[in-house]
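Contents: one structure, followed by commentary.
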Amino acid sequence: MIPFSLADIAQLTAGELILSGHAASEQIESITTDSRTIGERALFIALAGERFDAHDFIADVAAKGAAAVLVNRRMDVNCPQIIVNDTRLALGAVAKGNRDRSQAKVVALTGSSGKTSVKEMTAAILQQAGETLFTAGNFNNDIGVPLTLLRLTEKHQFAVIELGASHTGEIAYTAAMTHPQTALVNNLFAAHIGEFGSADAIAQAKGEIFTGLTDEGTAIINLESNDFTHWQAHLTPRQTRWCFSVDPHPQADFYAADVVINPLTTDFTLHTPAGSTAVTLPLPGRHNIANALAAAALALSAGATLADIRSGLAQTRAVPGRLYPVELAPG
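Going by full-length UniProt numbering, the first residue of the sequence shown is number 1, and it counts up by one from there.
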């Protein structure tokens with residue numbers, strides 16, 4: 001993270017700062033919600049849920065040398081405390097503060113399927129151009145997204161943030177703190193319909209990503225799978241719209257041609273607003289062409305070149321558990 005003073009964090013979270021003999025200017029250099037990972041100059045944020053309350057570990061955290069704790073009530077420890085009403089919301093507020101200080105180009109994505117593959121492809125491309133932070137594992141919810149944003153440092157030039165949701169409003173919350181220059185909905189299916197109640201609710205939830213776009217940001221949609229009729233209400237004339245389609249389409253800014261799908265690879269010509277390039281993707285399947293187009297659009301919007309896109313996609317590897325190739329012994 002980018003260092004903050006105790007006073008900075010108290011201001012970001014609208015919290016009460018109890019210094020316990022320390023200076024308000026003391027710097028916090030890392031933030032954790034895990035009592036087992038207390039580093040030097042670390043702030044511990046005590047989250048509370050239905051089945052746990054990290055306030056139970058505050059004494060242990062202080063004994064391990066935490067620089068400060070962020071809690072929802074005053075604790076009997078001899079280290080600085082920041083007292084807030086809701087520690088989960090405070091985590092998000094500090095994460096937004098860290099993102100706002102960062103100079104990185106931030107892109108965000110969601111969708112019913114393929115999110116992780118698109119994230120990995122986009123990161124592989126942007127790593128060709130500079131230091132890139134991207135979501136680890138499934139850290140894509142209202143806790144994982146802020147923890148990811150808190151990993152942003154001055155050295156990062158790009159960030160690829162995956163946003164997931166289990167209910168309406170969650171992506172609106174994480175998109176606001178992520179504040180991406182580019183936002184993408186990869187596709188729209190009736191996935192997790194039991195959690196949302198209807199296909200319309202799923203569409204609404206995915207479209208929330210566009211509410212967090214910067215004023216002159218770019219919205220990217222899949223021409224073959226979207227609810228743009230409703231999503232465009234979140235956009236302004238100052239924001240750019242890009243579309244992608246596996247098949248050539250008159251409205252597509254990104255599309256594939258000369259497609260050859262092999263058992264383990266896929267070859268195609270990628271067409272973009274910046275020109276065309278031949279791509280060899282080390283993954284099979286039409287769905288991976290769509291994922292590659294989405295990744296190319298995200299990366300190009302952040303400043304990647306066609307050479308970066310071609311090289312990054314060539315280095316992409318399958319995500320374990322998602323059409324992951326396993327080579328069997330002969331016979």
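We put the beta carbon where it would ideally sit given N, CA and C, even for glycine.
Query                                                                                                                                                                : Result
Would you check if the distance between the CB atom of A124 and the CB atom of A295 is smaller than 9 Å?                                                             : yes
Who are K275's beta bridge partners in DSSP?                                                                                                                         : The amino acid occupying residue 275 in the given sequence is Gly; Lys does not appear at that position. G275 is bridged to T272.
Starting from N222, follow its DSSP beta bridges and name the residues at the other end.                                                                             : S225 and F244
In terms of DSSP beta bridges, what is K105 paired with?                                                                                                             : F158
Go ahead and pull the three-state DSSP assignment for F4.                                                                                                            : strand
Helix, strand or coil for F189? Go by DSSP, reduced to three states.                                                                                                 : coil
Quick one: give me the first and last residue of the alpha helix (DSSP H) that L147 is part of.                                                                      : G144 to L149
Which two residues bound the contiguous beta strand (DSSP E) that contains G16?                                                                                      : A small correction: the amino acid at residue 16 is Glu; Gly does not occupy that position in the sequence shown. Note, E16: beta strand (DSSP E), E16 to I18.
May I ask you to list the residues that DSSP assigns as paired with S30?                                                                                             : A42
My assumption, with CB atoms under 8 Å, is that V319 sits in contact with T174. Please give the rounded CB distance.                                                 : So it is not a contact: roughly 21 Å between Cβ atoms.
For T316, which residues in the same chain have their Cβ closer than 6 Å to its Cβ, ignoring the five residues on either side in sequence?                           : M121 and A124
Quick one: give me the first and last residue of the beta strand (DSSP E) that A176 is part of.                                                                      : Not the beta strand (DSSP E): A176 falls in the alpha helix (DSSP H), residues E170 to T178.
Can you give the Cα-Cα distance for A290 and G39, rounded to whole angstroms?                                                                                        : 41 Å
For H179, which option in Q204, T218, F196 and P330 has the closest C-alpha, if you only look at C-alpha atoms?                                                      : T218
Are I220 and A159 close, meaning C-beta to C-beta below 9 Å?                                                                                                         : no
Are P256 and H271 closer than 9 Å when you measure CB to CB?                                                                                                         : First, the residue type needs correcting, since residue 256 is Ala and not Pro in the sequence shown. Yes. Within cutoff.
Tell me, please, which residues DSSP counts as bridged to V69.                                                                                                       : F44 and Q81
Determine whether the beta carbon atoms of Q181 and V118 lie at a separation below 9 Å.                                                                              : no
Just to confirm my understanding: we take P273, look at its own chain, exclude 5 residues before and 5 after, and list those with CB closer than 7 Å. What are they? : D253
Check whether the region 16-30 touches the region 44-51, counting contact only when three or more Cβ pairs, one atom from each stretch, lie closer than 8 Å.         : no
In whole angstroms, what is the alpha-carbon distance linking L213 and L70?                                                                                          : 29 Å
Decide if E16 is buried, meaning its Cβ has at least 16 other Cβ atoms within 10 Å, or exposed.                                                                      : exposed
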